[in-house]
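Notes follow the structure.
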C-alpha cells in the first residue's frame, strides 16, 4: 500500500477542514435562525468521507445519508452552492427544493443525501450496475450509518451487489449510535464488517478517525471493484461529536467522558499531527490554509445570503421531465 | 395487410420490450424469474419461465444475461437498483410481478424514484419502468388480485399506464421506456391473452392521452383497464334500448387526460366511472370530483361510481365474481342515470 504523498495529505487536510468549517458555520447560522429545516452535523466523522472520496474520480458515484454534508464536500461539492441550498435559495444545488437532507449533484456523481435511513444503498447498486454494464470502470460508494445496517435494504443490497459482482464499496460510518440508541442496544455485533462474509464479499473494519486506515482500505476496495473483483464492505469505527441533529445536544444519552475520550481522537487533529511531526509541515502553513478556507466560506455565506429565494410558483416546476406540470 | 396482424396483449408487451431493447442498448430488464433459471448460458438458450406469465420468454436468448437479469426475491433491493441505474444512464424495466407486492419496495418507489428529480431541482432524470400484474378474476385471492393503481396515481412524480388493448399495450410500453420519468406499467392479468390488432413496427401511444372507445351522446362511462370491455358490453346492451353510451378509456391515469373526460361529460351530461379498484380515495372518486368541480353545470344526473366493494379480493369464485364490477351493474347504473 503506497503511503499517501505529502501533497495528497495536504489535500485531505483541506477537505476535512472545509467540512469542519462548513458544519460549524451551518450550526451557528441555524441557531441564529437563518437556516430553515433540519441539520445533521458530520463533525468528528470527516476522516471517513475524505479518506474514502480521496480514492474516487470525479465521475464515480456516491449515495449519501441525512448526515451528508461531509460526503458532498469530499466528492467535490462547492460550499457556496451548498450553503445556498441550506438557505433555500435558487442558487443552491437543488434550487432550494431539496435542502440539507436531499442535496445532490448528479453531474458530480453525487446521487443525493437521503432522508430515509439505508435508502441510498440500493441506488448505489444501480449506479454500480450502470458502470459495469456501460464498461466505464466507474465505481459506486454507498455511505450509511450503523443504524442502517439493520434495515432490510442493507441486507438485500449486499446480497445483490455480491451476486451481480458490482463495482461498489459499502461504507458504514459506525458512529456508535442510531439517533440516541447505542449500538449495543440495536445490534448484537460490534464489528459490522463481519456481515460481509454472509453475503460472499470481503469486509474490513478500520479506525474511522484515522484517515490513513480509511484511505488504505478504500484504496484496496476501489482497486478490486475497478478490476471486476466485486464489492467490499468497510466498517469505519467513528463518532459523532455533536447530537443526532442540531436540536439534540447529544448529552442525555451519552456519557460526558465518552464524548471527551472521542474528542481526543479528533481526526483532523490527528492528520495535523502527522503532517507536522512526520512530514515537516509548518503549523503556520496549516493555519494559512485554515484562514484561506475561512475567507472562502465567508464569501460562500455572503453568496447564499444574498441569493434570491424561489418564487411560490416555482413549486410546480421540476416534477416531470419535459416541463410537464402537475 | 398490417390491419390483419394480431397479437395477444401479453405478446404486444413482449414485442415492445424486444423492439425497444433492439433500438436502444441502454434498455435492460430485470425481475424475479424474468428469465427463470435458464439451464444454459449459451447464446440462444431457452429460458424456462420468462416471468410468471411468460411475457419475457425468449429475450435472454436474444439479449443475454447482462441485459435480461433475474434478481433475488428482494423487491426493495432490485427496484432501488433499477432507480439508481436509471439516474446513471440506463433505462431499466423492472418487473414487480404482482402489484400486490408494492409494499416491499415502496420507499424506493415513492420516496426515492418519484421524488429524485423534484428534490434535485430538476437536475436528474429517472427513466425507469416498473411492470406489475393487476386485477381480479383468476381466483388468486387477496394478495395477488388487487388493482391498486390509485396508490401510484396519488404520488407526484410517477406516471401510470393501464392498457386495455394489445395495441395500446405495445404503444404505451414503447412510450414508457422512452419516457424520462418513472412509469408504472400495469398489466391486467385477465387481458394478457386478449387478441387484437398490433402493427409490427414500433410506435408510441402518448402517456396522458385518453381515447374515446365508443362514441355516444347520452351518457359518459369512464372505464379503466379490464373495465373497458365491461363498459363496452354494457353499452351494446343499452344501445338496443336506444341509449347512446360513450365509453372513455383514460389509458394513463397519471398524467390523466382530464380534457377528454370533461369534454365527453359536457357533451353527454351524465357520468359513470367503472373502476375495479376499491372506492375510497380511488380513481373513480377522483374523476367524480373532477367532473363535480369542472363540469357541474353540464350534469343532468348525479355522478355514479361502479367499483369493487371496500374489501380485500375474496378467494371464493362466487365471492370474487360478486367483487368485480359486472356488465349487469354497469347497465343498471346507466339505466338509473338515464331515468334521473
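Protein chains in written order, with this note's numbering: chain C, 2 to 327; chain G, 21 to 360. Even for Gly, the Cβ is constructed at its ideal location relative to N, Cα and C.
Contact with chain G by residue 237 of chain C, beta-carbon distance below 8 angstroms: Taking the first chain and counting its residues from 1, one reaches residue 237 of chain C at position 236. No, because no Cβ of chain G sits closer than 8 angstroms to the Cβ of residue 237 of chain C.
Spell out whether any CB of chain G is found under 8 angstroms from the CB atom of residue 318 of chain C. Locating residue 318 of chain C in the first chain gives position 317, counting from the first residue. Yes - at least one Cβ of chain G is within 8 angstroms of the one on residue 318 of chain C.
Just checking: is the beta-carbon of residue 150 of chain G within a distance shorter than 8 angstroms of some beta-carbon in chain D? Absent from the structure: chain D. Protein chains present are C and G.
For residue 284 of chain G, collect the residues of the same chain with a Cβ closer than 6 angstroms to its Cβ; drop the 5 residues on either side in sequence, then sort them by chain order. Your numbering for residue 284 of chain G matches position 264 in the second chain. The answer, listed in chain order, is 240, 266 and 268.
Look at the alpha carbon of residue 228 of chain G and the alpha carbon of residue 281 of chain G, and state the distance between them as a whole number of angstroms. As a first step, residue 228 of chain G is located in the second chain; it is residue number 208 there, counting from the start. As a first step, residue 281 of chain G is located in the second chain; it is residue number 261 there, counting from the start. Their backbone Cα atoms lie some 12 angstroms apart in a straight line.
Verify the CB distance criterion: does residue 134 of chain C have a CB-CB separation below 8 angstroms to chain G? Position 133 of the first chain, counted from the start, is the residue given in the question as residue 134 of chain C. So yes, residue 134 of chain C belongs to the interface.
Which same chain residues end up closer than 7 angstroms to residue 93 of chain C when comparing Cβ atoms and leaving out the 5 residues on each side of it in sequence? The sequence position of residue 93 of chain C within the first chain is 92, counting from 1. Counting only Cβ-Cβ distances below 7 angstroms, and skipping sequence neighbours, we find 82, 85 and 86.
Taking DSSP as the reference, what is the three-state secondary structure of residue 278 of chain C? Position 277 of the first chain, counted from the first residue, corresponds to residue 278 of chain C. Here residue 278 of chain C sits in helix by DSSP.
C-alpha distance - residue 22 of chain G paired with residue 36 of chain G, whole-angstrom precision: One-based indexing of the second chain puts residue 22 of chain G at position 2. One-based indexing of the second chain puts residue 36 of chain G at position 16. Any reading at residue 22 of chain G needs caution, since the residue's pLDDT is 48, under 50, leaving its predicted position unreliable; the model's value is listed next. Each residue's Cα considered, the two are about 16 angstroms apart.
For residue 111 of chain C versus residue 173 of chain C, is the C-beta distance shorter than 8 angstroms? Numbered from 1 along the first chain, position 110 holds the residue referred to as residue 111 of chain C. Numbered from 1 along the first chain, position 172 holds the residue referred to as residue 173 of chain C. No; because the gap between Cβ atoms is not below 8 angstroms, this pair is not in contact.
Does any residue of chain G have a CB that is nearer than 8 angstroms to the CB of residue 125 of chain C? By one-based count along the first chain, residue 125 of chain C stands at place 124. It does; some Cβ of chain G falls within 8 angstroms.
Residue 215 of chain G lies in the beta strand (DSSP E); which residues open and close that run? Here residue 215 of chain G refers to the residue found at position 195 when the second chain is read from its first residue. From DSSP, the beta strand (DSSP E) with residue 215 of chain G extends over 215-217.
Does the beta carbon of residue 209 of chain C sit closer than 8 angstroms to a beta carbon anywhere in chain G? Along the first chain, one-based indexing puts residue 209 of chain C at 208. Judged by the 8 angstroms Cβ criterion, residue 209 of chain C is not in contact with chain G.
Please report the Cβ distance between residue 288 of chain G and residue 238 of chain G, rounded to the nearest whole angstrom; I am assuming they are in contact, meaning their Cβ atoms lie under 8 angstroms. Along the second chain, one-based indexing puts residue 288 of chain G at 268. Along the second chain, one-based indexing puts residue 238 of chain G at 218. Yes, residue 288 of chain G and residue 238 of chain G are in contact; Cβ-Cβ is about 6 angstroms, under 8 angstroms.
What residue from C:118, C:296 and C:48 has the CA that sits closest to residue 179 of chain C's CA? Reading the first chain from its first residue, position 178 is the one you call residue 179 of chain C. The shortest Cα separation from residue 179 of chain C among C:118, C:296 and C:48 belongs to C:118.
Using a cut-off of 9 angstroms between C-beta atoms, extract the partners of residue 166 of chain C located in chain G. As a working mapping, residue 166 of chain C is identified with position 165 in the first chain. Under the 9 angstroms cutoff, chain G gives no residues; its nearest Cβ is about 11 angstroms from residue 166 of chain C.
Taking all protein chains shown into account, do 16 or more other C-beta atoms lie within 10 angstroms of the C-beta of residue 108 of chain C, making it buried, or fewer, making it exposed? By 1-based counting over the first chain, the position of residue 108 of chain C is 107. It counts as exposed.
CB contact flag (residue 139 of chain G, residue 76 of chain C, <8 angstroms): As a working note, residue 139 of chain G is residue 119 in the second chain. As a working note, residue 76 of chain C is residue 75 in the first chain. No, Cβ-Cβ distance for residue 139 of chain G and residue 76 of chain C is not below 8 angstroms.
Whole angstroms is fine: what's the gap from residue 22 of chain C's alpha carbon to residue 171 of chain G's? Position 21 of the first chain, counted from the first residue, corresponds to residue 22 of chain C. Position 151 of the second chain, counted from the first residue, corresponds to residue 171 of chain G. Cα to Cα, the separation comes out at about 44 angstroms.
Classify residue 21 of chain G as helix, strand or coil using the three-state DSSP reduction. Counting from one through the second chain, the residue named residue 21 of chain G turns up at place 1. Below a pLDDT of 50, predicted positions are generally treated as unreliable, and residue 21 of chain G, at 49, falls in that range; the measurement from the model is reported next regardless. Residue 21 of chain G falls in the coil class under three-state DSSP.
Residue ranges of each beta strand (DSSP E) run of no fewer than 3 residues wholly in the stretch 143-203 of chain C, ordered along the chain? 169-175
Option nearest residue 233 of chain C by Cα separation, candidates C:227, C:243 and C:222: Here residue 233 of chain C refers to the residue found at position 232 of the first chain. The shortest C-alpha separation from residue 233 of chain C is found at C:222.
Proximity to residue 28 of chain G [Cα-Cα], best of G:39, G:217 and G:222: As a first step, residue 28 of chain G must be located in the second chain, where it is residue number 8. That would be G:217, whose Cα lies nearest to the Cα of residue 28 of chain G.
Which ranges would you report for the beta strand (DSSP E) in the stretch 266-322 of chain G if only whole runs of at least 3 residues count? 272-274 and 291-295
Report the CB separation of residue 149 of chain G from residue 205 of chain G in whole angstroms; it is logged as a contact under 8 angstroms. The residue given as residue 149 of chain G occupies position 129 in the second chain. The residue given as residue 205 of chain G occupies position 185 in the second chain. Sure, about 5 angstroms apart at Cβ, within 8 angstroms.
Express the C-alpha separation of residue 49 of chain G and residue 31 of chain G in angstroms, rounding to a whole number. As a working note, residue 31 of chain G is residue 11 in the second chain. As a working note, residue 49 of chain G is residue 29 in the second chain. Going from the Cα of residue 31 of chain G to the Cα of residue 49 of chain G covers about 16 angstroms.
Any C-beta of chain G under 8 angstroms from that of residue 96 of chain C: The residue you call residue 96 of chain C lines up with position 95 of the first chain. Judged by the 8 angstroms Cβ criterion, residue 96 of chain C is in contact with chain G.
Using a beta-carbon distance below 8 angstroms, is residue 94 of chain G in contact with chain C? Taking the second chain and counting its residues from 1, one reaches residue 94 of chain G at position 74. Answer yes: the Cβ-Cβ gap between residue 94 of chain G and chain C drops below 8 angstroms somewhere.
If contact means a Cβ-Cβ distance below 7 angstroms, which residues of the stretch 134-145 of chain G contact chain C? 136, 137, 138, 139, 140, 141, 142, 143, 144 and 145
Check whether the Cβ atoms of residue 202 of chain C and residue 229 of chain C sit closer than 8 angstroms, and answer yes or no. Along the first chain, read from residue 1 onward, the residue named residue 202 of chain C stands at position 201. Along the first chain, read from residue 1 onward, the residue named residue 229 of chain C stands at position 228. For residue 202 of chain C and residue 229 of chain C, no; Cβs fall outside 8 angstroms.
Once the 5 residues before and after residue 100 of chain C are set aside, which same chain residues still bring their CB inside 6 angstroms of it? Walking along the first chain from the start, residue 100 of chain C turns up at place 99. Cβ within range, chain order: 38.
Are residue 152 of chain G and residue 126 of chain G touching if we call contact CB-CB under 8 angstroms? In the second chain, residue 152 of chain G corresponds to position 132, counting from 1. In the second chain, residue 126 of chain G corresponds to position 106, counting from 1. For residue 152 of chain G and residue 126 of chain G, no; Cβs fall outside 8 angstroms.
Do the stretch 144-161 of chain C and the stretch 117-136 of chain C make contact, defined as three or more Cβ pairs closer than 8 angstroms? yes
Using the Cα positions of residue 194 of chain G and residue 304 of chain G, report the straight-line distance between them to the nearest angstrom. Position 174 of the second chain holds residue 194 of chain G. Position 284 of the second chain holds residue 304 of chain G. Cα-Cα distance, rounded: 27 angstroms.
Using the beta-carbon count (16 or more within 10 Å), is residue 330 of chain G buried or exposed? Counting from one through the second chain, the residue named residue 330 of chain G turns up at place 310. So residue 330 of chain G ends up on the exposed side.
Cα separation between residue 158 of chain G and residue 51 of chain G? In the second chain, counting from the first residue as 1, residue 158 of chain G sits at position 138. In the second chain, counting from the first residue as 1, residue 51 of chain G sits at position 31. The alpha-carbon atoms of residue 158 of chain G and residue 51 of chain G are separated by roughly 22 angstroms.
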